[in-house]
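*Asks:* The numbering used here puts the first residue of the sequence shown at 4, with every later residue one more than the last.
This is the structure, below, for whatever I ask next.
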Amino acid sequence: MLPRPALDQSIPAFSKETSEYVLLAWCTLGEKCISDCDAQFSLLPPGSALMAQLVRRGPLPQLVSEGVELRYIAPPGHEHPSGQVDFWKYAKSLVGKELPADTSAKGLTPSGVMHLVEGQALFMANGIPALPYRDDGVIDPVDTRRVLALGLSAVHAPRAVREVRRLIRNTRPEVAHVHNVFPLISPAVYRVLAEEGVPVVQTLHNVRFLCPNGLFYTRGAICERCKWGNTLHAVRWRCYRNSVTASALYALSIGVHRRRGTFAGITRAIALTPFTAQKMVESRLFRADQLDVLGNFIPDPLPEARPAPPVHGYVAFLGRLSEEKGAHLLIEAARRLPDVPFRLAGDGPQREALERMARGLPNVELTGKISPDRRWEFLCGAALVVIPSTVYEPFSLAALEAMVCGVPVIAARLGGLPYLVQDGVQGHLFTPGSAAELAERIRDVLGDPAGAHHMGQAGRRLVEERFTASHHLEGLMQIYGKAMTEEVRR
């Protein structure tokens, strides 16, 4: 028999001075399903009951049942009980009906939402499919479940809704331009604006309306599981800051409002590149004729473009040092190009790992975060700039900043980057994640100084023609005009 794992008896952090709520949860029946190690032997159908109450602390404590949702979360390794017992194979003869795998006779799954008992401030989940086995077969008779109380301000923020309604009635705007509603305002603001007859323009800075972490990226890989509306995938994978709680909060808010049709209150949406627009149409959240493409811009006055490439330039990276930004690919490329200097400017959670990777590589320097006033000097001193992201970039200000300085850009052929960097025009594209191909593209640019200079000039022209403040303002005014015209027609 495999040994039983140690029981996690840690208690969530609680402060008697600052904690506003106490969440009480208990199991009335215990693990009632299996009494033997034999997968064919079961006394009762797999099922267990959880109850919980949320108490608001104070001189007169109050039980809370409104404006909150309680969820129970299976511990890691307990998501698939049907793999350990044969109950689901014989469910029809045992309980009179076929059951989906990992679903109890009462319709519950290993993780889910607790329902409020009518007439009581009591939440219950009766019939959770719980087994004294982990998914890998290890005996674990106390598979401790977590119960989370999620405040619904991210779903509907009453105070924010009231303030927005008051602002509208006091100012009577012709159009409302919304950038971000998570988590404090909530998407409920779109209904308020629609009810007050105000057309809404929404800038889509990321894909947050489709993905709780806004990136289409989790566990080191591209992920579009939630694009079609089932945002609960994010809870399982802890997609938002590796937190079950935070992931559940965003998943709930986005999922609820997609089902309610709240986003239909948006008159027009601005995608930063055609890539984001395409994803929105694929998801059916927006129609193609609702979307405009308008990228970010470089503020006036534009910095001076360098007159010529530096004689001793370096390969530059400027950005956050995190896994999805792909800075590790530059260090791998640097190993293949020992005579080429590389400088990585920025900070982030991957910095220590990158410093370890760079040990023994005299051609690699991690400069740390540089101040805004040194940014242009850093970019102008580069032979080229690399944008090696392994995640869909909806846009890239780093690419624009390099191009406005007249520096060629090598970017991953991913997300919105190919819409900014045309292969062979403003720089080169490479296959995402391929350090070998990246090294080849770097070698190509450095081996053709005249061609690199022409690419840098093409990048500068692109910024001047499409990504200045005046161009952005002109585009915004056109979009506002469309939104107001369409609102009148409704």
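We treat Cβ as the ideally placed atom computed from N, Cα and C, and that holds for glycine.
Distance, Cα to Cα, Glu468 vs His474?
*Replies:* Walking along the sequence shown from the start, residue 468 turns up at place 465. Walking along the sequence shown from the start, residue 474 turns up at place 471. Spanning the two alpha carbons is a distance of roughly 8 angstroms.
*Asks:* Can the beta-carbon of Pro397 be found closer than 8 angstroms to that of Leu321?
*Replies:* Walking along the sequence shown from the start, residue 397 turns up at place 394. Walking along the sequence shown from the start, residue 321 turns up at place 318. No, the pair does not count as a contact, with Cβ atoms beyond the cut-off.
*Asks:* Judging by CA-CA distance, which residue of Pro310, Leu305, Arg271 is the nearest neighbour of Ala291?
*Replies:* Your numbering for residue 291 matches position 288 in the sequence shown. Of Pro310, Leu305, Arg271, the residue nearest in Cα terms is Arg271.
*Asks:* For the alpha helix (DSSP H) that contains Tyr3, what are its first and last residues?
*Replies:* Since the displayed the chain opens at 4 and closes at 493, residue 3 lies outside it and no answer follows.
*Asks:* State the DSSP-derived secondary structure class of Val120, mapped to helix, strand or coil.
*Replies:* For the purposes of this step, residue 120 is taken as residue 117 along the sequence shown, with counting starting at 1. In this structure, Val120 counts as coil in the three-state DSSP scheme.
*Asks:* Kindly confirm or deny that the region 291-306 and the region 321-332 touch, where touching means at least three C-beta pairs closer than 8 angstroms.
*Replies:* In short, these stretches do not touch, since the Cβ pair count stays below three.
*Asks:* Among the residues of its own chain, which have a CB less than 7 angstroms from the CB of Arg416, if the five just before and after it don't count?
*Replies:* Residue numbering aside, residue 416 sits at position 413 when the sequence shown is read from its first letter. Closer than 7 angstroms at Cβ, skipping near neighbours: Leu432, Phe433, Thr434, Pro435.
*Asks:* Can you look up Ala94 in the DSSP assignment and give me helix, strand or coil?
*Replies:* In the sequence shown, the residue the question calls residue 94 occupies position 91. Helix.
*Asks:* Does the distance from the C-beta atom of Val394 to that of Tyr220 stay below 8 angstroms?
*Replies:* Residue numbering aside, residue 394 sits at position 391 when the sequence shown is read from its first letter. Residue numbering aside, residue 220 sits at position 217 when the sequence shown is read from its first letter. In contact: Val394 and Tyr220 (Cβ atoms closer than 8 angstroms).
*Asks:* I need the straight-line Cα distance from Trp91 to Ser85, nearest angstrom please.
*Replies:* Counting from one through the sequence shown, the residue named residue 91 turns up at place 88. Counting from one through the sequence shown, the residue named residue 85 turns up at place 82. Each residue's Cα considered, the two are about 6 angstroms apart.
*Asks:* If we cut at 8 angstroms on Cβ distances, does Tyr317 have a partner in chain C?
*Replies:* Looking for chain C here will not work: only one protein chain is present.
*Asks:* Evaluate Gln123 with the Cβ neighbour count: other Cβ atoms within 10 Å of its Cβ, from every protein chain shown; 16 or more gives buried, anything less gives exposed.
*Replies:* Here residue 123 refers to the residue found at position 120 when the sequence shown is read from its first residue. Under this definition Gln123 is an exposed residue.
*Asks:* Can you give me the Cβ contacts of Gln281 inside the same chain, cut-off strictly under 6 angstroms, excluding the 5 residues immediately before and after it?
*Replies:* Position 278 of the sequence shown, counted from the start, is the residue given in the question as residue 281. Closer than 6 angstroms at Cβ, skipping near neighbours: no residue.
*Asks:* According to the neighbour-count rule (16 or more other Cβ atoms, all chains shown, within 10 Å of its Cβ), is Glu198 buried or exposed?
*Replies:* The residue given as residue 198 occupies position 195 in the sequence shown. Counting Cβ neighbours within 10 Å, Glu198 comes out exposed, since fewer than 16 surround it.
*Asks:* Is Glu368 near Arg339, with beta carbons less than 8 angstroms apart?
*Replies:* Mapped onto the sequence shown, residue 368 falls at position 365. Mapped onto the sequence shown, residue 339 falls at position 336. No, the pair does not count as a contact, with Cβ atoms beyond the cut-off.
*Asks:* Considering only residues of the same chain and omitting the five flanking positions on each side of Val116, which have a CB-CB separation below 6 angstroms?
*Replies:* As a first step, residue 116 is located in the sequence shown; it is residue number 113 there, counting from the start. Excluding sequence neighbours, Val116 sits near Arg74.
*Asks:* On the DSSP letters alone, give me the boundaries of the beta strand (DSSP E) that Gln56 sits inside.
*Replies:* Numbered from 1 along the sequence shown, position 53 holds the residue referred to as residue 56. 51-59 is the extent of the beta strand (DSSP E) around Gln56.
*Asks:* Rank Asn299, His315, Pro132 by C-alpha distance to the C-alpha of His83 and give the top, closest one.
*Replies:* Sequence index remark: in the sequence shown, residue 83 carries index 80 (1-based). Comparing Cα positions, the closest option is Pro132.
*Asks:* When the Cα atoms are used, what is the spatial distance from His331 to Val389?
*Replies:* Along the sequence shown, read from residue 1 onward, the residue named residue 331 stands at position 328. Along the sequence shown, read from residue 1 onward, the residue named residue 389 stands at position 386. Each residue's Cα considered, the two are about 12 angstroms apart.
*Asks:* Determine, using beta carbons only, whether Leu400 and Ala319 come nearer to each other than 8 angstroms.
*Replies:* The residue labelled residue 400 in the question sits at position 397 within the sequence shown. The residue labelled residue 319 in the question sits at position 316 within the sequence shown. Not closer than 8 angstroms, so no.
*Asks:* Quick one: is His118 buried, meaning 16 or more other Cβ sit within 10 Å of its Cβ, or exposed?
*Replies:* Within the sequence shown, the letter at position 115 stands for residue 118. Exposed: under 16 other Cβ atoms inside 10 Å.
*Asks:* By DSSP, does His180 sit in helix, in strand, or in coil?
*Replies:* Here residue 180 is taken as the residue at index 177 of the sequence shown, counted from 1. In this structure, His180 counts as strand in the three-state DSSP scheme.
*Asks:* So what does DSSP say about Asp41, is it helix, strand or coil?
*Replies:* Counting from 1 along the sequence shown, the entry for residue 41 is found at position 38. The pLDDT assigned to Asp41 is 46, lower than 50, so where the model puts this residue is not dependable, and the model offers no usable value.
*Asks:* Quick check on DSSP: helix, strand or coil for Ala308?
*Replies:* Here residue 308 corresponds to residue number 305 of the sequence shown, with the count starting at 1. Ala308 falls in the coil class under three-state DSSP.
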